[in-house]
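Trainee:
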Amino acid sequence: MLKHAIPPARFFSQTPNEIIRHPRLNGTAVRLLQWALSLPEGSRETVQSIGEKMPEGRLAVRKARRQLEEEGYLHTRRSQNPETGQWTTQVLVSNVALTTPEEITAAFGPSDQDPPVGGGADQALGAYPLGENTEENTPNQPVPTGELETGAANFLARLGDRTPALRLGAGEIERLAPLVARWQALGATEADLYQALTVDLPHSVRSPAALVTYRLEARTPAITPPRKPVETLAECGECRDPLPRGVRTGICRSCAGLVPAPSAPAPTPVSLNGIALVRAALAGMSS
């Protein structure tokens, strides 16, 4: 294979061959990552805004984004302002795979500062608000209780028993329990959580904690208002007819003799002219 390449004098990005030749990243994922890494410092681009400019289409970009997250090149972090209660979502892209919680935390930096942009000499990093399925200001989100977080930790501990690819360590369970509890505070059941975390898993999960974090943050369920219970009417102890609304026991007014029994209907008077017509008809038939 012959190759002709002229190094650009400006406006270029360096991409490791490991990304270009990655066996599990499709072309859209590689291009999405290269595009994100090429953004200048301070850019307000989002994954969604990049995807809208790519000809592959939104569904292809969404699948590519999942691949990048599962391989450790894209990570999401949500943090809450302790004073205002507002939530902010940050997305970090890296030109090296970050697969351990320590690596991811170090790359993001402290959570109480502005979204980190740029990076060191050996790894290019970018962080910007997530553009899909995320609300940056959500002060009215339900706050998980301690009881919910305990149940969430137990769910995460059992998750690895049912799906070994998602087995988590004690520290990871402690860190992820508040995210699970937030789902439960929104009305999600353990069946909902298990479905969200295990559907369409990749063949090889390199970082279970990163995958679980991404799915818990990116797929937060909508708040479902509780259904209003249907009121049922009690029955009369004698005739089994419904009792008035709000009465739970006893007999109805009819069985208690408070409603007069309906009188028998009066017989319908027969017209004399009608009888005469019938007799005339019968006489004609016999003659």
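Throughout, the numbering used here is defined as the position within the sequence shown, counted from one, plus 39. Ideal placement from N, C-alpha and C gives every residue a C-beta, glycine not left out. In this text the structure is predicted, and so the values were computed from the model without any measurement.
I'd like to check one pair, Pro247 with Ala204: are the Cβ atoms closer than 8 Å?
Mentor: Stepping through the sequence shown from its first residue, residue 204 is reached at position 165. Stepping through the sequence shown from its first residue, residue 247 is reached at position 208. Yes, they are a contact pair.
Trainee: For the beta strand (DSSP E) containing Val132, name the first residue and the last one.
Mentor: For this step, residue 132 is matched to residue 93 along the sequence shown. Trp126 to Ser133 is the span of the beta strand (DSSP E), which, as asked, contains Val132.
Trainee: What would DSSP say about Pro203, mapped onto helix, strand or coil?
Mentor: Taking the sequence shown and counting its residues from 1, one reaches residue 203 at position 164. The answer is helix: DSSP assigns Pro203 an H, G or I state.
Trainee: Per the DSSP calculation, Ser118 is bridged to which residue(s)?
Mentor: Sequence index remark: in the sequence shown, residue 118 carries index 79 (1-based). Beta-bridge pairing links Ser118 to Thr127.
Trainee: Measuring alpha carbon to alpha carbon, tell me which of Gln125, Leu240 and Arg318 ends up nearest Ala110.
Mentor: Stepping through the sequence shown from its first residue, residue 110 is reached at position 71. Looking at the sequence provided, one finds Glu at residue 110 rather than Ala. The residue with the shortest Cα to Cα distance from Glu110 is Leu240.
Trainee: Closest by CA to Phe51, which one among Gly66, Asn65 and Leu78?
Mentor: In the sequence shown, the residue the question calls residue 51 occupies position 12. Among Gly66, Asn65 and Leu78, the Cα nearest to that of Phe51 is on Leu78.
Trainee: Nearest to Val86 by CA position, among Glu95, Arg101 and Tyr253, is which residue?
Mentor: Residue 86 sits at position 47 when you count from the first residue of the sequence shown. The residue with the shortest Cα to Cα distance from Val86 is Arg101.
Trainee: One question on the structure: do Gly217 and Glu256 come within less than 8 Å of each other, judged by their Cβ atoms?
Mentor: For this step, residue 217 is matched to residue 178 along the sequence shown. For this step, residue 256 is matched to residue 217 along the sequence shown. The question names Gly, but residue 217 in the sequence shown is Pro. Not in contact: Pro217 and Glu256 (Cβ atoms no closer than 8 Å).
Trainee: Could you work out which residue in Asn193, Arg287 and Gln129 is closest to Leu113 when comparing CA atoms only?
Mentor: Sequence index remark: in the sequence shown, residue 113 carries index 74 (1-based). Comparing Cα positions, the closest option is Gln129.
Trainee: With 16 as the cutoff for other CB atoms within 10 Å, does Ile212 come out buried or exposed?
Mentor: The sequence position of residue 212 within the sequence shown is 173, counting from 1. Result: buried.
Trainee: Considering only the beta carbon of each residue, do Gln106 and Arg63 sit closer than 8 Å?
Mentor: Stepping through the sequence shown from its first residue, residue 106 is reached at position 67. Stepping through the sequence shown from its first residue, residue 63 is reached at position 24. Going by C-beta atoms, Gln106 is nearer than 8 Å to Arg63.
Trainee: Let me know the secondary structure DSSP gives Glu274 once reduced to three states.
Mentor: Indexing the sequence shown from 1 puts residue 274 at position 235. Correct three-state label for Glu274: strand.
Trainee: What's the gap between the Cα of Ala230 and the Cα of Phe194?
Mentor: Numbered from 1 along the sequence shown, position 191 holds the residue referred to as residue 230. Numbered from 1 along the sequence shown, position 155 holds the residue referred to as residue 194. Ala230 and Phe194: Cα-Cα distance of roughly 10 Å.
Trainee: Which whole-angstrom value describes the C-beta separation of Leu236 and Arg254, a residue pair presumed to lie in contact below a C-beta threshold of 8 Å?
Mentor: Numbered from 1 along the sequence shown, position 197 holds the residue referred to as residue 236. Numbered from 1 along the sequence shown, position 215 holds the residue referred to as residue 254. Indeed, because the Cβ distance is near 6 Å, the residues count as touching under 8 Å.
Trainee: Can you find the residues in the same chain that come closer than 7 Å, C-beta to C-beta, to Ala220, ignoring five residues on each side of it along the sequence?
Mentor: Walking along the sequence shown from the start, residue 220 turns up at place 181. Closer than 7 Å at the Cβ level, and outside the excluded window around Ala220, lie Pro183, Leu187, Glu188 and Ala191.
Trainee: By DSSP, does Pro217 sit in helix, in strand, or in coil?
Mentor: For the purposes of this step, residue 217 is taken as the residue at position 178 of the sequence shown. Helix, per DSSP.
Trainee: Report yes if the C-beta distance between Ala295 and Leu282 is below 8 Å; otherwise report no.
Mentor: As a working mapping, residue 295 is identified with position 256 in the sequence shown. As a working mapping, residue 282 is identified with position 243 in the sequence shown. Against a cut-off of 8 Å, the Cβ pair of Leu282 and Ala295 comes out as no contact.
Trainee: Quick check: what's the CA-CA separation for Gln223 versus Thr138?
Mentor: As a first step, residue 223 must be located in the sequence shown, where it is residue number 184. As a first step, residue 138 must be located in the sequence shown, where it is residue number 99. In a straight line, the C-alpha of Gln223 is about 27 Å away from that of Thr138.
Trainee: Going by other Cβ atoms of all chains shown within 10 Å of its Cβ, with 16 needed for buried, is Cys291 buried or exposed?
Mentor: Translated into positions along the sequence shown, residue 291 becomes position 252. Buried, because 16 or more other Cβ atoms sit within 10 Å of the Cβ of Cys291.
Trainee: Just how far apart, CA to CA, sit Arg60 and Val244?
Mentor: Locating residue 60 in the sequence shown gives position 21, where the first residue counts as 1. Locating residue 244 in the sequence shown gives position 205, where the first residue counts as 1. Computed Cα separation, rounded: 19 Å.
Trainee: Applying the criterion that 16 or more other CB atoms from any shown protein chain within 10 Å of the CB defines a buried residue, is Asn56 buried or exposed?
Mentor: By 1-based counting over the sequence shown, the position of residue 56 is 17. When all chains shown are included, Asn56 counts as exposed.
Trainee: Restricting to Cα atoms, I'd like to know which of Met40, Arg258, Pro47 and Ile143 is closest to Leu225.
Mentor: Along the sequence shown, read from residue 1 onward, the residue named residue 225 stands at position 186. Checking every option, the nearest Cα to that of Leu225 belongs to Arg258.
Trainee: In the DSSP output, which residue or residues are listed as bridge partners for Leu113?
Mentor: Position 74 of the sequence shown holds residue 113. Beta-bridge pairing links Leu113 to Val132.
Trainee: Tell me which same chain residues have a C-beta within less than 8 Å of the C-beta of Leu207, skipping the five on either side of it?
Mentor: The residue you call residue 207 lines up with position 168 of the sequence shown. Closer than 8 Å at Cβ, skipping near neighbours: Leu195, Ala196, Leu198, Gly199, Leu215, Pro247, Ala248 and Val251.
Trainee: Looking at the secondary structure, which residues open and close the alpha helix (DSSP H) in which Thr67 lies?
Mentor: Translated into positions along the sequence shown, residue 67 becomes position 28. Gly66 to Leu76 is the extent of the alpha helix (DSSP H) around Thr67.
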